[in-house]
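Single-structure report; data block below.
Residue numbers (the UniProt record's numbering): 1 to 76.
This is the structure we're talking about:
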């Protein structure tokens, strides 16, 4: 989709021009929140850390793993 607008009527401030000529988006409410969320990003952001915590809670901690975790965490 290409936007066609006359270039001679566009003022110096392009942002204010576009905000003035675009239709407003509907407000986000609890009823339409599920439509506005990008579920792929939510899955990528939350599922791996949850799985890592579950795995860490079910794996016995050994001293060499604990030392490696601290050393690796302090590396710049």
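All residues carry an ideal CB built from backbone N, CA and C; glycine is no exception.
So, are the CB atoms of residue 28 and residue 36 less than 8 Å apart?
In the chain shown, counting from the first residue as 1, residue 28 sits at position 28. In the chain shown, counting from the first residue as 1, residue 36 sits at position 36. The answer is yes: Cβ separation under 8 Å.
Which of helix, strand or coil does DSSP assign to residue 28?
The count along the chain shown starts at 1 and reaches residue 28 at position 28. Looking at residue 28 - three-state DSSP - the assignment turns out to be coil, as it is neither helix nor strand.
So for residue 61, helix, strand or coil by DSSP?
Counting from one through the chain shown, the residue named residue 61 turns up at place 61. If DSSP states are grouped into helix, strand and coil, residue 61 belongs with coil.
Between residue 12 and residue 40, what straight-line distance do the alpha-carbon atoms span, to the nearest angstrom?
Residue numbering aside, residue 12 sits at position 12 when the chain shown is read from its first letter. Residue numbering aside, residue 40 sits at position 40 when the chain shown is read from its first letter. Approximately 38 Å between the Cα atoms of the pair.
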